[in-house]
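Undergrad:
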Amino acid sequence: MRRPPYHRDDRGRLDVKMTPMIDVIFLLQIFFVSTASFRAAEEVLPANLSLPGSVSQTEPIDLELEDLDEIVVKILWRDGRAGWQINGRDLSDLGQVRAVLEAAAKVKIDLPVILDVEAEVPIEDVIDVYDVCRQIGLERIQFAASVDP
Numbered sequence: 097m098r099r100p101p102y103h104r105d106d107r108g109r110l111d112v113k114m115t116p117m118i119d120v121i122f123l124l125q126i127f128f129v130s131t132a133s134f135r136a137a138e139e140v141l142p143a144n145l146s147l148p149g150s151v152s153q154t155e156p157i158d159l160e161l162e163d164l165d166e167i168v169v170k171i172l173w174r175d176g177r178a179g180w181q182i183n184g185r186d187l188s189d190l191g192q193v194r195a196v197l198e199a200a201a202k203v204k205i206d207l208p209v210i211l212d213v214e215a216e217v218p219i220e221d222v223i224d225v226y227d228v229c230r231q232i233g234l235e236r237i238q239f240a241a242s243v244d245p
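FYI, the numbering for the sequence shown is 97 to 245, going by my numbering.
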């Protein structure tokens, strides 16, 4: 008669063979690593962007783009809606933000973008501006931190 894979010894201990369990865990690990997708999460975030046709209705861009060392985008929360400032210039919608950032990216693609966000601004509006920067090709995006204690 064949002995079961586990048995009790004289002291009452239960002996379990660990090799098959280690093999199964190793195979599961290989399966999960091989099926995982290693894509950045920000590419999947939904964003409500204005259509490219709405950009042509914006006013001309008057920033001195050649002299810029960085782009500071302030996201403000006024009267229950988001507002934007780029290097001190007020913008009324996300289409204008896109137009200014595209013009800056054409001059210098490696400009750092600093997002200065007020505390009341919903995260959706921050993600919208972040997505616009990434879609244009600006990759050096940083967030400003306040010094308040």
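C-beta atoms are modelled at their ideal positions from N, C-alpha and C, and glycine is treated no differently. Small disclaimer: the values here were computed from a predicted structure and weren't measured.
#1: Below 6 Å CB to CB, which residues in the same chain sit around leucine 234 once its five sequence neighbours on both sides are set aside?
#2: Nearest by alpha-carbon distance to arginine 177: which of Arg236, Asp206, Val222 and Leu211 is it?
#3: For lysine 202, report the span of its alpha helix (DSSP H) as first-last.
#4: Let me check understanding here. Comparing Cα to Cα, which of Asn183, Lys170, Val193 and Asp227 lies closest to glutamate 216?
#5: In the DSSP output, which residue or residues are listed as bridge partners for isoleucine 182?
#6: If I follow the unbroken alpha helix (DSSP H) through aspartate 224, where does it start and stop?
#7: Apart from the five residues just before and just after asparagine 183, which ones in its own chain have a Cβ nearer than 8 Å to its Cβ?
#8: What does the Cβ neighbour count give for glutamate 155, buried or exposed, with the cut at 16 atoms within 10 Å?
#9: Taking Cβ positions, are leucine 197 and phenylalanine 239 nearer each other than 8 Å?
#10: Hey, glutamate 214 and leucine 172: beta-carbon distance below 8 Å or not?
#11: Which residue comes first and which comes last in the alpha helix (DSSP H) that contains aspartate 119?
TA: According to the data block:
#1: Residue mapping note: residue 234 aligns to position 138 of the sequence shown, counting from 1. For leucine 234, where only same-chain residues beyond five positions count, the Cβ hits under 6 Å are Ala201 and Val209.
#2: To locate residue 177, count along the sequence shown from 1; it is residue 81. Answer by Cα proximity: Val222.
#3: Locating residue 202 in the sequence shown gives position 106, where the first residue counts as 1. Segment 190-203, the alpha helix (DSSP H) holding lysine 202.
#4: As a working note, residue 216 is residue 120 in the sequence shown. Of the candidates Asn183, Lys170, Val193 and Asp227, the one whose C-alpha sits nearest the C-alpha of glutamate 216 is Lys170.
#5: Along the sequence shown, one-based indexing puts residue 182 at 86. In DSSP, isoleucine 182 forms a bridge with Val169 and Arg185.
#6: Against the sequence shown, residue 224 aligns to sequence position 128. From DSSP, the alpha helix (DSSP H) with aspartate 224 extends over 219-232.
#7: For the purposes of this step, residue 183 is taken as residue 87 along the sequence shown, with counting starting at 1. Cβ within range, chain order: Leu159, Leu164, Ile167 and Val168.
#8: Taking the first residue of the sequence shown as position 1, residue 155 is located at position 59. Note that glutamate 155 scores a pLDDT of 48, beneath 50, so its modelled location is shaky and nothing firm can be said.
#9: As a first step, residue 197 must be located in the sequence shown, where it is residue number 101. As a first step, residue 239 must be located in the sequence shown, where it is residue number 143. For the pair leucine 197 and phenylalanine 239, the CB atoms are not nearer than the 8 Å cut-off.
#10: Start at 1 with the first residue of the sequence shown, and residue 214 comes out as number 118. Start at 1 with the first residue of the sequence shown, and residue 172 comes out as number 76. Contact flag set, yes.
#11: Position 23 of the sequence shown, counted from the first residue, corresponds to residue 119. Segment 115-131, the alpha helix (DSSP H) holding aspartate 119.
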